[in-house]
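Step one of this worksheet: look at the structure below.
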Ligand code: FES
């Protein structure tokens, strides 16, 4: 009887152990399923090193499927304290490169320092402010953070908050 009892205890403990271990494994598996894939996590942010850019250079990077224009302004270009991203002693225009009329992608014309939209003739100045044609407002500034000489798109840093508070 005593032997039978302890055998039952042993089986009970063994099953209990399996259940706890099984539960833990299942929880780990569920967490893996719920967590976003590393590629999804990474897709939210785009880091751009601004240090190699020269004055007057325009770079286009893709962020969350949208074109982002980054223009390093020259000394001759108008500064815009409500929109310029200041890194070191340089001013940058950082905008979502989609026309605010119907969403075409404007092109940069260095000669006249303008973004021009071929769809309906809309024009924007070097800060992305609408100056002519049907676009109803300036091009949008994407959320960003400054990290040394790097621009991190997708994160709302204090510089972005300051700009949006001024706008
Ligand atoms: S979409 Fe750019 S002017 Fe119409």
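Residue numbers (the numbering used here): 1430 to 1596.
Just so you know, even glycine gets a beta-carbon here, dropped at the ideal spot from N, CA and C.
The set of residues with CB atoms less than 7 Å from any heavy atom of the ligand FES reads, in chain order, 1528, 1530, 1531, 1532, 1533, 1535, 1546, 1548, 1549, 1550, 1551, 1562, 1563, 1564. Of all C-beta pairs linking the region 1574-1585 to the region 1511-1522, three or more are shorter than 8 Å, placing the two stretches in contact. Three or more Cβ pairs closer than 8 Å define a contact, and the region 1493-1506 meets that threshold against the region 1521-1530.
Only residues of its own chain outside the window of five on either side were considered, and among them 1579 have a CB closer than 6 Å to the CB of residue 1478, listed in chain order. The straight-line gap separating the alpha-carbon atoms of residue 1570 and residue 1505 is approximately 22 Å.
Looking at the backbone, the Cα of residue 1480 and that of residue 1486 are separated by about 12 Å.
Note on geometry: alpha-carbon atoms of residue 1587 and residue 1512 lie some 14 Å from one another. In this structure, the alpha-carbon of residue 1565 lies about 18 Å from that of residue 1593. Cβ neighbours of residue 1488 within its own chain (closer than 6 Å, five residues either side excluded): 1499. In this structure residue 1555 is not in contact with residue 1561, their Cβ atoms being roughly 14 Å apart against a cut-off of 8 Å. For the pair residue 1540 and residue 1558, the Cα-to-Cα distance works out to about 17 Å.
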